[in-house]
Structures are given as C-alpha cells and as structure tokens.
Amino acid sequence: MRRILCALICMVCLGSSWIAAAEPSASPSPIESASPAATIEKSISDLSAQRAAAERSKIYRSGATYSRWLDRVAKNSGSAFLQRTVFDRVTWMRLLSCAAALALLAVIASWFVWIVRRRAGEIQSKRYQSWLAVSASALRKPVALFLLMCGGGFALMPIVTGIVGRPTRLFWAGALTAILYAGWIIAVLWLIFRAIRAVEKRMNLWAERTNSLLGKVIVPILGHTLRLALPLLGIILLLPLLKLPENWIWVTQKAFGIFLIVALSILIVRGVNAVQQALLSRHRMDAPDNLPARRIYTQVSVIRKIIVTAVVIIATGSVLMLFDPVRQFGTSILASAGIAGVVLGFAAQKTLGNVLAGIQIALTQPLLIDDIVVVEGEFGQIEEITLTYVTVRTWDLRRLVLPITYFIEKPFQNWSRVSTELLGTVILYLDYQVPLGELRKELKRLVENNPKWDRRVCGLQVTDTKQSTIEVRALVSGTDPGKTFDLRCEVREGLIEFLRRDYPESLPRVRNVDVDEPSEIERRKRKDGAVPAISGAEHERGSKAPGLHPDEKSDGAE
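Here's what the structure looks like:
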C-alpha cells in the first residue's frame, strides 16, 4: 500500500507539474465540449497559453540569464572552441557547463549521503540521541533526490534555451520546469513519509518493550494511521494548487476515493491484527497446560477472519458504488431483491451453513486449535480452523481437510477437550508364574526415571485370565497425548526387557504332556487283570473318591 501511494503521488506530480508551472486556464470536460473541432481548437489555444506561460516563468528567465552569462564568459575568454556551436545555438561552453554541473551535483549528493550516514551511525551509538539519528536517516535520501532533480533541471536550462525552434524550446522548457516542481513536491512528501516511518519504527520498538496491552495495540495502529494519512493529506493539499482541468479532477477524485477506501480498510485490518497479536502474546501455546491459550487463539482467529471478510466485502462495495453505472446496476438489483434473495439463499445454502457453523464453533468451542482428535478413524491434531473447513494434521504428517459442518453434525473424539492430561495403558500377556510384585516395582522404577510421567497415576493390574496366559495392564499418566504415547512405548519396552532378563519363565509358554506307551509285559498283565488299566479321565482327575459316586459301591458297603 505504501508503494502504491508513493507511485500515485509521483504520477500526479509529474503529470500535472507542467500545468502548474504554466498556470493554464480551466478547460471544459469532454461532456461539455460542443464538437470535436471545438475541442481541438481549445486544446491548441491551451497549449499556446502553456508555452507562453513557460517562457514567462521565473525558472525559464533564470535559465536564460544563466545561458547569456555563459555566452559572455566564452566570448571574453577568446576561445574559439568554447564559442563553437554544437547544434542550434548550443555552444561547447553551455554543453561543458551542463556536464560539469551534473557531475558536481552527483558528487555533492553522494558526499551528503555519506556524511549523513556516517553521522547517523555515530549518533546511533549514543543512547540518548537516537532520535537525532532517526531524523538524519530520514533526511538523507529526500535531500539527495531534491538536489539531483532540481539541480539537474536547472543545469540543463542552457541547452534548452539554445534550441532555435520556439515550440521545441518551449516544450523542453516546460518539461524541465515540471521536473523542478515535481522534484520539490516529491522530495518534501518523501521526507515527510520517511520521517513518519522512522517515528513508527521507534514507536514499535517502544511497544515491544512495554508490557501494556494498550501500548501493544494503540501504538501500531497509530503508526499505520500516520503512514497512510499524511500521504493522502499531501494529495488533498496538492490538488487545489495544481489547477487541473475538470476531466483530470474527476479522475483524480475517483482515484483518491478508491485509495482512501483501500487505506481505511488496510488500517482496520492492521488494527485487528495488532489486537490479535496483543491478545495472543499474553498466552503461550507451548505451555504444558495451554487450554486457555488454545481457547483464546481459536476465538480470536475465527473472529479476525470474520472481520476481515466483512471489511473486504464492504470495501469492494464502496469502491464500486463510486461509479454511477455500477450504482445504477446496484439499484436495479436491489429493486428485484425479493426473487434474487430467495434464489441466492438457496444457491448459497451450504456456504452460509459453513460460515454459521464456523461462528458456532468459535462460540461453543467443541474443538480448539492444537486439540488431539480422532476423526474418520484417523488420529491427529487440529492445525487450522477457518469459516468453511478444518485441517487435521495426522501423526504421519498427512493433512485431513474436513468441512466445518462435520464437527457439528457427526461425533468425533476430542482427547484434549477439557484437559491435555491423559491416561495410557500397556497390555502384556504373561505366564501364570510371573512375579507381580517385582513387576510393580520395576514399573514404578521406570516411570520415576522418565520425565514424561506427570506423577499422577502409576498402577499394574491383572485384568483377565486365559487358558495359558494372564492379561496384565500397566496404567500410567502424562501431561499431553504425545508424551503419554511415548511413555507407553518406553514402559512397554522396559517391562519386556526386565522379564526377558530376570524372569524369562514369565513370558508366555505352551505346555505339552507326553504319555509313554506301555510295554508288552504291562499290556499282558493288564489283559490278565493283574495291573488295572487307568482310563484317560481317571489319569487326569485321579481315582474316584469313595462314597461320592452313587453308581459304584464304596469300600464301606462291601
């Protein structure tokens, strides 16, 4: 925006300084012209008036006086070379004097810039004279530009006054006069602008050192206001002095109105950004318990986007309403707003729904920036919340983009909704012979030596039994989901290493029972009844106890 305003000032100065120097009379607008012939005749008369005014101007008369003095010096010197003409009435004396003047101007401007830069560096080293250094730095380039443009324009006057053709001579005289006027105006405005920029830098440095919320908000807004207001004020003060034609005035007024609207919009947006930075600077997102910071960050970011969107829409409408055809078109649209509003409402139903959903999320806050969520079976972290979509960064750095209405209409898991603290579980399947007491001691030792443990929860329980193993669950706690996941992995690795090293028999095993085949002698004895055969069921359960089986007689009955 700063460059655009500077370019606008330069174009206005360069394009209208000719007219300011020549003091033209007001010319009618194209609408008021009776015919093309009258317009051409009026333009010729205006051009003649401009040439005559340029010839009568003080700058032109001063250049002519300086040229005659150079001619007298060349004549008194008696040098035929200096009196020899190069073209028209331009002698070598005039040409060499122009070259010498331009070279001297370049040397003086370079010397001035070097001196000011060196002096500003010396002043900057002293603590209590920094404002003087700022002023010197702001003065350096505008003064050098003023010397080059004004001095260069005056140095070229002996060549311009030596041109024989009157129209050509008057044209170049007017051009050089315009350069001089433009040099003065641009140098002054540039000096003011650089001074404002230097003051703004000092104000921003002071705002960064202060802890006041008012200083962090008001100072940047005030600096931006000064930077935008003074160039616009310079244009306002410059336009009446230039005595522009009416058609130029119309174009300039429209351009000024457009840039004024854009400048105000940029000022509002920068003010909102300053408020956002001031609010967020008081809340750190990298703190262990950053829930309040995430709430404020989410609300401020969504509200900022709403304000910026509204400012852009209003600014665009204001710029378009500056022109009569667009205003008439807008009036015709408003006249048929009944049907158009209904059609537009149906067409933009989803878009408006997304915007309203974004506002609802900003107010109710079911999810915040940096929340740990599980959506669509994906574990990730909320990276960005806009008015229309939400970006989720998964654990493998993929981005999952979801419409913002998804979080209003569908359920999802939010692991850090109330607090970032989380419980982590480690499941181990071990043998029945595992020493649970030693395993608990080892778990306690592992978590106490781990900085990721928040010292809230540490326990070990047997949660299930199976045919050949038992299920052991270790429960630990962490300050956030990321640290809790790393803690779970480290605890799992430590417990497995402990069991493998000290209690290898506690690891899961599969037991097999081998039964030897009876020999030939035993089979004969069993066949003869000398050795009773043991059935498979009795082999597993043992012999039947007397008196407990009604289908068989006990020893007492016999």
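The sequence shown runs 3 to 560 under this note's numbering. Glycine included, each C-beta is placed from N, C-alpha and C at the ideal position.
- If the five residues before and after residue 380 are omitted, its C-beta is found closer than 6 Å to the C-beta atoms of 396 and 402, all from its own chain and listed in chain order.
- Secondary structure note for residue 498: its alpha helix (DSSP H) is the uninterrupted segment 483-504.
- Distance from the CA of residue 404 to the CA of residue 360, rounded to the nearest whole angstrom, comes to 12 Å.
- CA-to-CA, the gap between residue 412 and residue 374 works out to about 17 Å.
- Rounded to whole angstroms, residue 153 and residue 145 show a C-alpha spacing of 11 Å.
- Pairing residue 425 with residue 459 gives a Cβ-Cβ distance under 8 Å.
- Going by beta carbons, residue 269 and residue 224 fall outside the 8 Å limit.
- In this structure, the alpha-carbon of residue 208 lies about 34 Å from that of residue 316.
- Contact between the region 298-317 and the region 250-258 is not established, with fewer than three Cβ pairs separated by less than 8 Å.
- Classified as buried, residue 295 has 16 or more neighbouring CB atoms from the shown chains inside 10 Å of its CB.
- Boundaries of the beta strand (DSSP E) around residue 387: 380-387.
- Residue 285 and residue 434 have their C-alpha atoms spaced approximately 52 Å apart.
- About 4 Å separates the beta carbon of residue 140 from that of residue 197, a gap short enough to meet the 8 Å contact definition.
- Counting the other Cβ atoms within 10 Å of the Cβ of residue 451 gives fewer than 16, which makes it exposed.
- When DSSP states are grouped into helix, strand and coil, residue 463 belongs to the strand group.
- Of the residues 369, 114 and 431, the one whose Cα lies closest to the Cα of residue 407 is 369.
- Separation of the CB atoms of residue 473 and residue 431 is rounded to 6 Å, and the pair is thereby assigned contact status at 8 Å.
- A direct Cα-to-Cα measurement between residue 372 and residue 418 gives close to 9 Å.
- Annotated three-state conformation of residue 457 is strand, per DSSP.
- Residue 80 sits in coil when the DSSP states are folded into three classes, being neither helix nor strand.
- If you draw a straight line from the Cα of residue 409 to the Cα of residue 398, it is about 22 Å long.
- Annotated as proximal: residue 256 and residue 324, with beta-carbon spacing under 8 Å.
- DSSP places residue 434 outside both helix and strand once states are collapsed to three, so it counts as coil.
- Its Cα nearest to that of residue 319, the residue 259 stands out among 259, 456 and 69.
- In the structure shown, residue 99 adopts helical secondary structure according to DSSP, grouped into three states.
- Measuring C-alpha to C-alpha distances from residue 392 to each of 415, 365, 356 and 467 identifies 356 as the nearest.
- Considering only 388, 486, 191 and 455, the residue with the shortest C-alpha distance to residue 358 is 388.
- Judged by DSSP secondary structure, residue 411 falls outside any beta strand (DSSP E) and instead within the alpha helix (DSSP H) spanning 408-411.
- Closest by C-alpha distance to residue 364, out of 394, 297, 314 and 313, is 297.
- For residue 425, DSSP records a beta bridge to 479.
- Per DSSP, residue 414 is not a residue of any beta strand (DSSP E), being assigned neither H nor E.
- Taking C-beta atoms under 8 Å as the contact rule, residue 94 and residue 84 qualify, at a distance of about 5 Å.
- Buried is the label assigned to residue 276, since at least 16 other Cβ atoms lie within 10 Å of its Cβ.
- Taking C-beta atoms under 8 Å as the contact rule, residue 157 and residue 107 qualify, at a distance of about 7 Å.
- For residue 405, the pairing in a beta bridge is given by DSSP as 391.
- Taken through DSSP and simplified to helix, strand or coil, residue 67 comes out as helix.
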